[in-house]
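Residue numbers (my numbering): 5 to 269.
Each residue gets a CB set at the ideal place from its N, CA and C atoms; glycine is no exception.
Data block below; observations after.
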């Protein structure tokens, strides 16, 4: 890549070449959050699991299926299976299927468990999909263009970046512990013992990182008054994208109104 090509890439809006990932961060936030919330207001497990399937299709279209599954299967086991078992075992119902030791599984409890589980899985999947298809720097930049102060956007970006940095540093420290012959795998007690020595270097690295960021911010005149410049620009929101967001908002409002009316009746 020559110097002219390298410079020209910063003159064009930031694009990945994927229709899902190139959507405006605020548009994706609107669509995915309302899509996840709609599973709770629908009150039908078939709709909730339909949203889950739809999110898998979106992950495939966004070319994020592997990273999406890597996170989603943990949510499926932690929240999906656990909530379903608890809700099905202890929710009241008249059509008893099995009852013993204070556990009473009924047709009604299974239906309630399916509704709750599908809603949780749909909402968690929507949040994960947004995170997998959106860079935090793009989200904070979009918020700044809507009026958010650059200080608040930096706090948001730094907070999420710190979480990811801690995870990376923890893996690096654990690998170095393995290289020294320290046992880091085994039962729960052995893993806890292995993680205790990691906390010291992890905290010290986090403190050093904060100081480095402060110095970098001062070097870039972060606190200076005036209009801030940006290295990259986000693509303009097209009419079709705006139309999709408006349709999703209208459908969600109609769903909420319908659910309120059914509750009152």
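For residue 146, the CB contacts under 7 Å within the same chain, skipping 5 residues up- and downstream, are 28, 29, 30 and 238 in chain order. The alpha-carbon of residue 51 is positioned some 25 Å away from that of residue 244. Within the model, the alpha-carbon separation for residue 220 versus residue 157 is close to 16 Å. Going by C-alpha positions, residue 130 is about 30 Å away from residue 176.
Setting aside the 5 residues that flank it on each side, residue 67 is surrounded in the same chain by 22, each with a C-beta closer than 7 Å to its C-beta; the list follows chain order.
Contact between the segment 141 to 155 and the segment 76 to 90 is absent, with fewer than three C-beta pairs closer than 8 Å.
Shown here for residue 34: same chain residues with a beta carbon closer than 6 Å to its own, the five before and five after excluded, namely 249 in chain order. Excluding sequence positions up to five before and after residue 47, its CB lies within less than 8 Å of the CB of 119 and 263, all in the same chain and listed in chain order. In the DSSP annotation of this structure, the continuous segment of the alpha helix (DSSP H) that includes residue 52 starts and ends at 49 to 65.
Taking 8 Å as the cut-off, the Cβ atoms of residue 41 and residue 127 count as close.
Beta-carbon to beta-carbon, residue 38 and residue 253 are separated by about 7 Å, close enough to satisfy the 8 Å threshold.
In the three-state DSSP reduction, residue 179 falls in the helix class (H, G or I). In the structure shown, residue 118 adopts helical secondary structure according to DSSP, grouped into three states. The beta carbons of residue 122 and residue 63 sit no closer together than 8 Å. Considering only 32, 117 and 113, the residue with the shortest C-alpha distance to residue 133 is 32.
Straight-line measurement puts the Cα of residue 205 at about 31 Å from the Cα of residue 154. Around the beta carbon of residue 247, a 10 Å sphere encloses fewer than 16 other beta carbons of the protein chains shown; the residue is thus reported as exposed. Cβ contact annotation for residue 56 (same chain, cutoff 8 Å, sequence separation greater than five): 122, 125, 126 and 129, in chain order. Secondary structure of residue 138 (DSSP, three-state): coil.
About 5 Å separates the beta carbons of residue 136 and residue 72, which is inside the 8 Å limit, making them a contact pair. In the structure shown, residue 236 falls within a coil segment according to DSSP collapsed to helix, strand and coil. Ranked by Cα distance from residue 115, the first of 179, 89 and 236 is 89. Boundaries for residue 24: no alpha helix (DSSP H) harbours it, and the DSSP string shows neither H nor E there. Look at residue 250 here: in three-state DSSP terms it is helix. For residue 65 against residue 111, the beta-carbon gap comes to about 37 Å, at or over 8 Å, which does not count as contact. Assigned with DSSP and collapsed to three states, residue 68 falls in coil, not helix or strand.
A straight line joining the alpha-carbon of residue 267 with that of residue 256 spans about 17 Å.
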